[in-house]
Amino acid sequence: MIRTLIMGALVTAITLSGWVASSVFANEDWQWPTVYTMSNGTDGNAVLAFRQHGDTLVPAGSFPTGGKGSGGGLGNQGALAFSDDGDTLFVVNPGSHDISVFEINGRYLKLVDRVSSGGTSPISIATHEDYVYVLNAGGQGNIAGFELTQHNKLKPIAGSNQPLSGANSAPAQISFNLSGDTLVVTEKATHIIDTYAVDEDGVASAPVSQKSNGQTPFGFSFTPRGVLVVSEAFGGAPNASAVSSYRLRDGQLTVRNGSVPTTQSAACWIVITKNGKFAYASNTGSNNISSYRVGSAGRLTLQEAVATPTGAGPIDMALNKNSRFLYVLNAGSDSIEVFRVNRWNGRLTQGTGVSGLPHGANGLVAR
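Positions in the sequence shown are counted from 1; adding 503 to them yields this note's numbering.
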């Protein structure tokens, strides 16, 4: 069952009209975050927006992408992504094999472009400056690059389409490193991490495929110092998941800290706080989150095997821009939970939440 969750079939059907908000935080004097996920509906995909107001996360609109979702789990991280300036939102449409581009205008989203993903079943998006890359999971699997024009249109980059390590690799995520000269892709089925050099014109090279330190590499994130931190689901085996860290230089990965156990099941998604001190892994099979301390050189120390319980089937996570709040999308209970992050010790305090999300909701970003 857990193996199925990892590879992408985690959901319970509920209609959009079922949104319910709940929980508690006292008012504090800062701008409250906005959170976005996607409905992933087969009859039409949409971005679902939520704004945090005081003690409540409330629905703030549904914005059709013009494309279609898959209706089920995607086994991915990064279905939605912001541009570097935070003014543009990119969304995959896995059912119609394209990606949508929205301008963010205050509380509203304006659809400004929709283009073919350069493959089939797009599941993850990476951005750096004016370059956008998408990871396609269908068929043989591939990556494809685009340039974002001044009018927020996506223009395909000639020569940017590149393969994965091989067929049936079950890719999970694509992302740029901090400098934007390398792309990283995780492959769950092959236990491989691919790297692609990116030249000054945004063209990706052929992949360099390297074995992951642990089995089933899934989600990943970079620290502010450029250390790559990767979750390892170990095929969903009970209490077997872990997290590894790597140094990335010239497309080559060197293990910094190998497979530090969560002692939980199916660690699939991972985020790192803005200060680089804490990493959180969502354990889909255990219905909880593990927390790690991250050293400046990438040393990982398990802080709490269970930093907090969650709803059923936690998948995507997102931190808001100042890392004060951690949001978690629960695919089994069709909800988004939120936790306040203690900036000094990384501990989590549960607060606001929203439930009643649609069947198959996927992806999570916050600003």
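Beta carbons are placed, not taken as given, at the ideal position from N, Cα and C, and that holds for glycine. Since the model is a prediction, treat every value here as computed from it, not as a measurement.
Exercise for review: Assign S663 to buried or exposed, taking buried as 16 or more other Cβ atoms, counted over all protein chains shown, within 10 Å of its Cβ.
Suggested key: buried
Review point. Where do the N-terminal and C-terminal ends of the beta strand (DSSP E) with G720 fall, by residue?
Key: The question names Gly, but residue 720 is Pro in the sequence shown. Start and end: 720 to 725.
Check your understanding: What is the DSSP secondary structure of G856, counted as helix, strand or coil?
Key -> strand
Exercise for review: Within 10 angstroms of the Cβ of W772, are there 16 or more other Cβ atoms? Answer buried if so, exposed if not.
Suggested key: buried
Point to revise | beta-carbon G683 near the ligand GTP non-hydrogen atom, thresh 7 Å | key: Ligands displayed in this structure: none; no statement on the ligand GTP is therefore possible.
Practice item. Report the three-state DSSP secondary structure of G669 (helix, strand or coil). Key: coil
Check your understanding: Can you list, in chain order, the stretches of the alpha helix (DSSP H) that have 4 or more residues and sit fully within the stretch 562 to 603?
Key -> none
Practice item. Taking only the alpha-carbon atoms, compute the straight-line gap between V637 and A629 and give it to the nearest angstrom. Key: 6 Å
Review point. Touch check for the stretch 677 to 688 and the stretch 615 to 632: three-plus C-beta pairs under 8 Å?
Key: yes
**Study point:** Per DSSP, the bridge partner or partners of W772
**Key:** S785
**Study point:** Residue of L832, G854, V797 minimising C-alpha distance to A582
**Key:** L832
Check your understanding: Going by DSSP, which residues form a beta bridge with Q713?
Key -> I696
Practice item. Determine the DSSP secondary structure at G739, reduced to helix, strand or coil. Key: helix
Check your understanding: For L860, which residues of its own chain have a beta-carbon under 6 Å away from its beta-carbon, when the five flanking residues on both sides are left out?
Key -> D837
Check your understanding: Skipping 5 residues on each side, what residues in its chain have a beta carbon closer than 6 Å to that of T776?
Key -> S826
Point to revise | Alpha-carbon to alpha-carbon, T813 and G570 | key: 31 Å
**Study point:** Same chain only: Cβ atoms within 8 Å of G798, ignoring 5 sequence neighbours per side
**Key:** T804
Practice item. Return yes when the Cβ of T765 is within less than 8 Å of the Cβ of A873, no when it is not. Key: The requested residue 873 is not part of the displayed model; the chain covers only 504 to 870.
Point to revise | Among A834, W535, Q580, H600, nearest to N548 - alpha-carbon criterion | key: H600
Review point. Grouping DSSP H, G and I as helix and E and B as strand, with all else coil, what is G648?
Key: strand
Check your understanding: Considering P659, what are the terminal residues of the beta strand (DSSP E) in which it resides?
Key -> 657 to 659
**Study point:** Which residues DSSP lists as bridging V637, in chain order
**Key:** I628, A647
Check your understanding: In three-state DSSP terms, what is Q653?
Key -> coil
Review point. Going by DSSP, which residues form a beta bridge with R554?
Key: T537, V561
Point to revise | Where L851 falls: helix, strand or coil (DSSP) | key: strand
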